[in-house]
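Since the structure comes first, as structure tokens, the remarks are kept for the end.
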Amino acid sequence: MPELPEVETIRRQLEPVVQGRRVLEADSHPSAKFVPAREIVGSRFGSVGRRGKYLLAALDDEHELVIHLGMTGTLRSVERPTSEDPYVRARWWLDDGRVLEMRDVRRFGRIRVVPAGEHGTIPTLRDLGPEPFDPDFDGEQLWRALRASRRRVKTQLLSQRPVAGLGNIYADEALWLARIHPGARRVSRRQASELREAVRTVLGQALDHGGTTLRDYRSVDGRQGDNQGRLACYGRAGLPCLRCRTTLVARTYEGRTTTWCPACQRR
DNA sequence: CGGGGTTCCTGGCCGC
DNA sequence: TGCGGCCAGGAACCCC
789 MPELPEVETI RRQLEPVVQG RRVLEADSHP SAKFVPAREI VGSRFGSVGR RGKYLLAALD
849 DEHELVIHLG MTGTLRSVER PTSEDPYVRA RWWLDDGRVL EMRDVRRFGR IRVVPAGEHG
909 TIPTLRDLGP EPFDPDFDGE QLWRALRASR RRVKTQLLSQ RPVAGLGNIY ADEALWLARI
969 HPGARRVSRR QASELREAVR TVLGQALDHG GTTLRDYRSV DGRQGDNQGR LACYGRAGLP
1029 CLRCRTTLVA RTYEGRTTTW CPACQRR
């Protein structure tokens, strides 16, 4: 899915498209995941924010539109609806004549409208960890958060609780950079500190390059990301580690393929 | 409650 | 060419 760098790239492009625009009409796929898109007819968009992988668009200072893009979701602004595209799941007609479309092949994305700031009914958003670039996010905080559970560090990162915004790609990248075994069930203060640095480095680099496009990801302007050629670990099982040349290995943890270097990421 | 398995979807790719 | 099986960037939900 779009992870933090991809969602942030989308946010930056989306805000100037919708801010100040009133929604004249809306339509959606009949699934309950998308039907709330229809609730915002008549509302005017304010600023567009982001928490973790969630887009939060203010509406008339009273509500907010919460969009999660799931695995394959994208947003785009078009001159007129693209009727030939069967994967458009929601569509908003704006008062400047443009149409905002959410496309999502697998339909793992979700749309909700909630009173401003009230995220309690969205489980992962309610329990979301700190933003990785928040000045308050430090190694000590991450160490404490990881210590609170005995689950594998990889699994914990995907839960969004210790820190917001990592998915399978950047979790593997950050653990590789910090030299931490993804299956570890506890990490030291020092490791947590290195992981905090690695998370920022990996996400910052991806953001600088417009995100990672493996297949579906596009930003609002339709462009692919440019970070896929810079991945050091994710998807490289069987290839040499870029630090020590040992062959990277992969296995499944809690249903997610995980890649790491058996030499420089020891338990 | 924390943890783990299941479920929601479609498409691409591989092997037979 | 056709088809079955497997895999894919996520998280909500249900049950123990």
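Numbering (the working numbering), first residue to last: 789 to 1055.
Think of the CB as a built atom: it goes at the ideal place given N, C-alpha and C, for glycine as much as any other residue.
Since the structure is predicted, the reported quantities are computational estimates derived from the model, not experimental observations.
Leaving out five residues before and five after residue i in sequence, what residues of the same chain have Cβ atoms less than 6 Å from its Cβ?
i       : result
Thr862  : Arg891 and Arg1006
Leu945  : Leu954 and Ala959
Arg1044 : Asn956
Phe925  : Pro918
Arg898  : Lys821 and His856
Glu794  : Gly999 and Tyr1005
Leu913  : Tyr842 and His907
Relative to the alpha-carbon of residue i, which residue among the options has its alpha-carbon at the smallest distance?
i       : options                              : result
Ala1051 : Arg939, Ala972, Thr1040 and Cys1029  : Cys1029
Arg886  : Pro874, Gln948, Val811 and Arg900    : Val811
Val1008 : Arg864, Pro804 and Arg839            : Arg864
Ile910  : Ala1020, Asp926, Arg839 and Val1037  : Arg839
Phe896  : Gly808, Gln1053, Asp926 and Val876   : Val876
Gly834  : Asp922, Ala878, Val805 and Ala814    : Val805
Asp873  : Leu882, Gly858 and Glu889            : Glu889
Val836  : Leu853, Thr1034, Arg1031 and Cys1021 : Leu853
Gly1010 : Glu791, Pro793, Thr797 and Leu792    : Thr797
Glu982  : Gly992, Leu965, Gln993 and Leu991    : Leu965
Gly1023 : Arg1039, Leu792 and Arg1033          : Arg1039
Leu934  : Val866, Arg974 and His907            : Arg974
Leu792  : Met859, Glu813 and Arg1031           : Met859
Distance check for residue j and residue i, CA to CA, integer angstroms please.
i       : j       : result
Asn956  : His997  : 18 Å
Glu985  : Ser976  : 14 Å
Asp884  : Val901  : 22 Å
Arg894  : Arg1003 : 13 Å
Leu847  : Pro824  : 14 Å
Arg868  : Phe822  : 20 Å
Ser808  : Leu843  : A small correction: the amino acid at residue 808 is Gly; Ser does not occupy that position in the sequence shown. Cα to Cα, the separation comes out at about 17 Å.
Leu740  : Gly830  : Look at the range of the chain in this structure, 789 to 1055, and you will see that residue 740 is not part of it.
Val1037 : Ala972  : 15 Å
Arg879  : Ser947  : 30 Å
Cys1021 : Leu991  : 14 Å
Ala936  : His817  : 40 Å
Thr1046 : Asp815  : 38 Å
Trp881  : Val987  : 38 Å
Arg1033 : Ala962  : 18 Å
Indicate the three-state DSSP secondary structure (helix, strand or coil) for residue i in the structure shown.
i       : result
Arg914  : helix
Val887  : strand
Thr860  : coil
Gly834  : strand
Val893  : coil
Pro903  : strand
Ala820  : coil
Leu954  : coil
Arg898  : strand
Ala814  : strand
Thr732  : Residue 732 lies beyond the stretch modelled for the chain, which goes from 789 to 1055, so this question has no answer here.
Glu852  : strand
Thr777  : Because the chain spans 789 through 1055 in this model, residue 777 falls outside it and cannot be assessed.
Val829  : coil
Ala959  : helix
Ala933  : helix
Ala1051 : coil
Arg877  : strand
Arg839  : strand
With a threshold of 8 Å (Cβ to nearest heavy atom), would residue i be considered close to the ligand SAM?
i      : result
Arg799 : This structure lacks the ligand SAM, and indeed carries no ligand of any kind.
With a CB to CB cut of under 7 Å and the five nearest residues on each side skipped, what residues in its chain are close to residue i?
i       : result
Asp915  : Arg949
Thr943  : Tyr1041 and Glu1042
Glu827  : Val901
His969  : Trp1048, Gln1053, Arg1054 and Arg1055
Thr1001 : Gln1012, Gly1013 and Gln1016
Glu803  : Ser835 and Val836
Note down, in chain order, each residue of its chain lying with its Cβ closer than 8 Å to the Cβ of residue i, except the 5 sequence neighbours on either side.
i      : result
Glu850 : Pro903 and Ala904
Gln993 : Asn1015 and Arg1018
_What ranges does the beta strand (DSSP E) occupy inside the segment 968-1039, keeping only unbroken runs of at least 3 residues that lie completely in it?_
None, since the segment 968-1039 contains no complete beta strand (DSSP E) of that length.
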